[in-house]
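Student: To start, I am sharing the structure in question, which I have written as structure tokens.
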Amino acid sequence: KKLLADIYHSPDGGYRPNARRVMDNKKARKRVAERPRFVETLKSILKSGRVDGLVPRSEWPSLAAVSAREASCISAWAAAACISSLALSPDNHEVLRAAEVSQELCVLRKSPDNLEKVAAE
């Protein structure tokens, strides 16, 4: 029953075909974080495209249309979300600390754009 509760996220442990499947991507996150220069590249993208007073609101992640997907703010937001996902695994904390991404995320938490703030938390 416990296994089914973990896999199918059903409180009683019973199988339900419409229950949400829970997957553990810890191994995948670890492999990604250990790739040479990957976290440094994310940090560079993060630094290059934060929302500030000079960025038109049409390019903010929370307000951008699909046509603005190439904007640097969208890339920065995606990089922050990726870093946050990597941080879910305690095994990656040392790699993230070594790259000093927490400083960049702290700056992003002060963003006027809500999606950037959430990605940085």
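Just so you know, we're using our numbering here: the sequence shown kicks off at -3 and counts up by one. Note that CB positions come from ideal geometry on N, CA and C, so glycine has one too. Note that the structure is predicted; figures quoted are calculated from it, not measured.
Using DSSP with H/G/I as helix, E/B as strand and the rest coil, what is residue 73?
Tutor: Of the three classes helix, strand and coil, the one that applies to residue 73 here is helix, per DSSP.
Student: Can you find a heavy atom of the ligand ATP that lies under 8 Å from the Cβ of residue 86?
Tutor: This structure does not include the ligand ATP; it has no bound ligands of any sort.
Student: In angstroms with no decimal places, state the Cα-to-Cα distance between residue 119 and residue 33.
Tutor: What is shown of the chain runs -3 to 117, which leaves residue 119 out entirely.
Student: Going by CA-CA distance only, name the one from 68, 44, 28 that's closest to residue 57.
Tutor: It is 68.
Student: My understanding is that residue 115 touches residue 76, with C-beta atoms under 8 Å, so please give their C-beta distance in whole angstroms.
Tutor: Indeed, because the Cβ distance is near 4 Å, the residues count as touching under 8 Å.
Student: Could you tell me whether the Cβ atoms of residue 79 and residue 59 are closer together than 9 Å?
Tutor: No, these two residues do not count as a Cβ contact at 9 Å.
Student: Would you check if the distance between the CB atom of residue 104 and the CB atom of residue 74 is smaller than 9 Å?
Tutor: Contact flag unset, no.
Student: Helix, strand or coil for residue 108, going by three-state DSSP, please let me know.
Tutor: Correct three-state label for residue 108: coil.
Student: Indicate the three-state DSSP secondary structure (helix, strand or coil) for residue 88 in the structure shown.
Tutor: In this structure, residue 88 counts as helix in the three-state DSSP scheme.
Student: Within the same chain, show all residues whose beta-carbon is closer than 6 Å to that of residue 110, passing over the 5 residues directly before and after it, in chain order.
Tutor: Taken in chain order, the residues that qualify are 58.
Student: What number of angstroms, rounded off, separates the C-alpha of residue 0 from the C-alpha of residue 21?
Tutor: The pLDDT assigned to residue 0 is 40, lower than 50, so where the model puts this residue is not dependable; a value taken from the coordinates is nonetheless given after this. Taking the straight line joining both Cα atoms gives about 18 Å.
Student: Within the same chain, show all residues whose beta-carbon is closer than 7 Å to that of residue 117, passing over the 5 residues directly before and after it, in chain order.
Tutor: Hits under 7 Å: 105.
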